[in-house]
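In the order they appear, the protein sequences are chains A and B. Reminder that position 422 of the first sequence reads as 422 in full-length UniProt numbering, one-by-one numbering, no gaps. Reminder that position 214 of the second sequence reads as 214 in full-length UniProt numbering, one-by-one numbering, no gaps. Let me begin by presenting the structure, written as structure tokens, before commenting on it.
Protein chains: 2
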Amino acid sequence: MEGLAKIEDLGKPRVVIVGGGFGGLELVKALRHVDMQVILIDKQNYHTFQPLLYQVATAGLSPDDIVSPFRKIMDEQANFYFRLAEVQRVDTVAQVVETSIGLVKYDYLVVATGATTNYFGDEQMQRNSIAIKSVEDAIELRNTVLSNFEKALQLGDEEQMNSLLDFVIVGGGPTGVEIAGALSELRKHVFPKDYKELDFKQMDIHLVQSGPSLLKGMSEEAAQKSLEYLRNYGVNVILDRRVKSYDGYTVTLNTGETLITRTLIWAAGVAGAPIDGIRKESLLKGGRYQVDEYNRVAGYENIFALGDIAAMITPATPEGHPMVAQPAIQQGHLLGQNFARLLAKQPLQPFHYHDKGAMATIGRNLAVADVKLMGKDYRTQGFLAWLMWTFVHLISLIGFRNRLFVLLSWTFSYFSNDKGLRYIIGKRREPMPVEATTEKAIV
Amino acid sequence: MEGLAKIEDLGKPRVVIVGGGFGGLELVKALRHVDMQVILIDKQNYHTFQPLLYQVATAGLSPDDIVSPFRKIMDEQANFYFRLAEVQRVDTVAQVVETSIGLVKYDYLVVATGATTNYFGDEQMQRNSIAIKSVEDAIELRNTVLSNFEKALQLGDEEQMNSLLDFVIVGGGPTGVEIAGALSELRKHVFPKDYKELDFKQMDIHLVQSGPSLLKGMSEEAAQKSLEYLRNYGVNVILDRRVKSYDGYTVTLNTGETLITRTLIWAAGVAGAPIDGIRKESLLKGGRYQVDEYNRVAGYENIFALGDIAAMITPATPEGHPMVAQPAIQQGHLLGQNFARLLAKQPLQPFHYHDKGAMATIGRNLAVADVKLMGKDYRTQGFLAWLMWTFVHLISLIGFRNRLFVLLSWTFSYFSNDKGLRYIIGKRREPMPVEATTEKAIV
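Here's what the structure looks like:
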């Protein structure tokens with residue numbers, strides 16, 4: 001689009017925020033009483049609570065319970081403007097963002113585009129695997145799992161059937177661990193009732209992790225216990241292996257070993273989602289912008305980046321902050337206050353990360369948690385960690401409705417061992433026909 | 001598919017039911033303790049509670065709260081088999097159903113395919129309008145409405161903008177009336193907060209009804225009051241007019257009058273969804289099979305039809321029963337019992353319809369109800385009718401979870417006047433570009 005997008009000019013300093021994830025959203029809220037025009041651009045009209053996407057993918061939660069429309073969240077914020085658009089590039093000289101709905105002028109630009117799945121250049125993997133970065137991804141995975149079982153009912157060939165029943169998850173971070181745990185619970189409690197004609201002893205869940213332990217970045221206790229929990233659940237955790245290739249049917253590991261599956265879940269890496277037009281010199285490896293302690297992108301006075309897309313390199317954080325929700329939220333909050341200081345010509349406050357720790361859940365009553373409380377480390381695994389995980393995720397959700405509905409869904413699941421949202425609505429992936437003969441229905 | 005679909009042969013009489021709507025589902029349940037193999041074929045893996053689809057379309061309910069996976073509903077029913085498949089035709093001589101997953105043999109066949117939208121042969125209308133017969137339809141309508149407003153923000157030309165803000169609903173039956181009411185409530189309470197930059201005085205809701213009154217088949221009081229309620233809500237109810245054509249932008253009425261809209265909701269008619277291979281002589285106008293009082297399709301001993309697709313012509317019902325949930329449910333229930341009688345070589349019971357009446361809701365505290373209780377007619381409009389409507393729909397939903405979640409959603413909406421599920425996820429319809437120049441973003 002060539003012309004200017006139609007947005008009132010308030011004659012006030014205008015900050016354009018690209019991306020309404022944890023960081024962007026927190027920034028918008030922090031600017032509530034700041035005398036600026038706040039424009040949020042996102043390609044979705046809702047915020048996604050990413051930590052619970054894996055539960056949407058495994059029929060435990062409705063997509064509706066973990067998303068919140070931006071316009072609804074900010075109903076009361078007078079200086080807030082939202083535009084549903086894709087950002088194509090930035091012209092930093094003219095100070096305009098080029099979007100699918102036209103040009104948007106800015107005085108200050110904040111890049112909060114987060115991260116996308118990193119396939120490390122493997123296009124075949126990108127085509128054949130499923131990621132869990134968006135609600136649409138999670139819905140697609142749910143639909144695909146269920147469709148696979150419906151199809152498996154028609155197969156007689158054992159390898160063919162197994163290719164539909166088996167799952168390979170690549171990446172032993174929180175997402176990989178959590179999805180492996182959730183699939184195990186479905187295998188134990190739900191699928192055998194739904195598909196009495198299938199033998200779920202044949203359903204294998206493989207979790208491939210390139211390093212020697214799970215949950216890199218968490219404590220050794222967390223890594224050990226999560227491994228123990230998953231193995232008790234019957235997950236085949238394969239450590240110290242990399243996936244070399246996947247053609248939609250055969251997974252080949254770096255050792256030459258192979259696994260057969262129609263469904264490979266790729267949770268092995270993320271990379272920043274940079275925007276064209278911002279100087280390449282500021283882009284570090286992993287697609288993150290180098291920012292100073294005020295989240296200013298190196299080389300610019302009026303362009304900021306925060307959250308996953310920002311690498312704040314300091315002596316204490318030589319690799320930047322972890323690409324999770326907390327740094328994004330804290331940076332968004334501080335940046336909002338710093339904009340107020342900027343307008344008042346007061347000195348800006350530098351960012352200090354308050355690391356609250358990390359958690360991952362494996363299943364019912366089972367989680368691992370490394371918590372920092374008033375500077376002290378607490379490590380716990382099992383029921384207490386699970387309670388903490390549950391509590392923290394509930395209060396972090398946006399809005400009373402979503403909290404209540406998730407709490408109720410969890411309460412139902414807890415007492416019934418059921419995950420009831422097992423319908424196929426929306427996009428699904430058709431497994432590639434492998435051999436025409438074996439796909440035929442047989443008696 | 002040529003071969004037989006893979007389904008165990010139990011050596012018992014096998015009934016194949018095509019379609020898991022109200023009738024098919026009730027029949028499956030009624031066959032719980034009957035010594036038959038019960039096979040349900042549906043192209044979705046879930047039952048849809050159609051009466052509340054309009055609330056999904058207007059962001060009031062989550063699609064997840066009005067659907068129930070067949071396998072979950074029938075978890076405990078040992079003689080139940082489900083197949084996700086599309087039925088292509090029936091070979092009544094060989095007694096097989098040809099489906100997308102292969103041939104399925106039957107001893108008894110029950111056609112419970114319901115009804116589809118009837119465009120009366122108008123292909124242009126079919127292409128350009130949106131119906132509300134399935135969850136996917138309802139999601140598409142919700143996404144389209146929201147996308148329209150996002151797009152309207154970029155338009156300066158008044159007619160163009162109005163084409164996105166205005167809605168034309170064709171058909172003054174319950175669906176048309178309910179969707180018109182729900183859109184009015186959104187216009188009054190929700191959209192002005194979400195889209196402060198748009199002028200909702202410009203949003204027109206037109207309801208076009210071919211006859212002289214709304215809610216044909218209900219009492220005169222119901223027709224009168226629903227008209228009054230809708231007009232008080234600011235709906236432009238146009239009686240005694242037919243829509244002659246719609247090109248995606250201009251609606252032309254039979255009088256030559258025109259309306260401009262990008263979104264025409266077609267709720268003007270349904271027709272049965274017959275299956276190829278069943279004798280055409282049994283098919284009456286409206287695409288319904290002529291059945292006897294045991295729901296047997298004319299000309300067959302072992303083929304039955306029930307619900308919307310069945311026309312049980314008797315002196316008392318010269319046009320068959322109304323195409324709504326109640327006759328389908330009652331026929332499904334009786335047919336299940338009759339199968340037991342059939343196997344026991346006992347005489348079958350003929351069907352008698354217990355008409356419980358009809359209802360439609362317009363909005364908060366406003367509904368119309370014609371109720372039959374112990375043979376007596378009660379007619380009520382307003383708050384009491386609304387309470388009855390609410391209660392009846394709640395208890396008719398399947399499963400405790402859906403009932404609780406719908407009750408909570410309604411309670412939230414009632415006290416907040418809000419309908420919170422305003423996200424664009426899944427399929428949406430892009431409005432056709434009308435003139436390239438006017439679609440351009442302008443300052």
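Built from N, CA and C at the ideal position, the CB exists for glycine as well.
Contacts that D75 (chain A) makes with chain B (C-beta to C-beta distance below 8 Å): K193, D194
Simplified DSSP assignment, three categories, for Y233 (chain B): coil
Partner residues on chain A for L215 (chain B), Cβ-Cβ distance less than 7 Å: Ordered by position in chain A, no residue passes the 7 Å Cβ test against L215 (chain B), which lies about 30 Å from the chain.
Whether G307 (chain A) touches A30 (chain A) by CB criterion (8 Å): no
Run of the beta strand (DSSP E) containing F80 (chain B), from where it starts to where it stops: 80–84
Residues sharing a beta bridge with R89 (chain A), DSSP: A:E98, A:D276
Beta-carbon gap between D166 (chain B) and G211 (chain B) smaller than 8 Å: no
Residues of its chain near K43 (chain A), where Cβ-Cβ distance is below 6 Å and the 5 sequence neighbours each way are ignored: E86
CB contact flag (V110 (chain A), L25 (chain A), <8 Å): no
Neighbourhood of D276 (chain B) by C-beta distance below 6 Å, restricted to the same chain and skipping five residues each side: R89
Terminal residues of the alpha helix (DSSP H) in which P315 (chain A) lies: Unbroken run through P315 (chain A): none, as it is neither H nor E.
L141 (chain A) in three-state terms, based on DSSP: helix
CB contact flag (G23 (chain B), G332 (chain B), <8 Å): yes
Closer than 8 Å to chain A by CB, N45 (chain B): yes
Sub-8 Å separation of L335 (chain B) and N295 (chain B) beta-carbons: yes
Test: F405 (chain B) CB closer than 8 Å to a CB of chain A: yes
Residue-chain proximity (D64 (chain A), chain B), Cβ-Cβ < 8 Å: yes
Simplified DSSP state of Y119 (chain A), which is helix, strand or coil: coil
Backbone CA spacing between G20 (chain A) and G357 (chain A) [nearest angstrom]: 23 Å
Listed by chain order, chain A residues near residue 514 (chain B) by CB distance under 7 Å: Beyond the ends of chain B as shown, which are 1 and 443, falls residue 514 (chain B); an answer cannot be given.
Closest residue to P315 (chain A) among A:V208, A:Q126, A:D292 (Cα-Cα distance): A:D292
Residue range of the alpha helix (DSSP H) that includes A358 (chain B): Looking at the DSSP string, A358 (chain B) is not in any alpha helix (DSSP H); the run it does join, the beta strand (DSSP E), is 357–363.
Backbone secondary structure at residue 504 (chain B) - three-state DSSP: What is shown of chain B runs 1 to 443, which leaves residue 504 (chain B) out entirely.
Within chain B, the residues that G156 (chain A) reaches when beta carbons sit closer than 8 Å: K6
CB contact flag (D107 (chain B), P13 (chain B), <8 Å): yes
Element boundaries [alpha helix (DSSP H), containing K244 (chain B)]: Per DSSP, K244 (chain B) belongs to no alpha helix (DSSP H); it is in the beta strand (DSSP E), 243–246.
Three-pair Cβ contact test at 8 Å for the segment 154–164 of chain A versus the segment 251–259 of chain A: no
Minimum Cβ-Cβ distance from E150 (chain A) to chain B less than 8 Å: yes
Distance between L40 (chain B) and K133 (chain B) (C-alpha atoms, nearest Å): 20 Å
N- and C-terminal bounds of the alpha helix (DSSP H) containing D194 (chain B): 191–194
Distance, L373 (chain A) Cα to F391 (chain A) Cα: 16 Å
T263 (chain B) and I179 (chain B) closer than 8 Å at C-beta: no
L214 (chain B) to G234 (chain B) span [Cα, whole Å]: 16 Å
For F49 (chain A), three-class secondary structure by DSSP: coil
Under the three-state DSSP convention, the category H206 (chain A) falls into: strand
Reference R242 (chain A); option with closest CA among A:V135, A:L153, A:I169: A:I169
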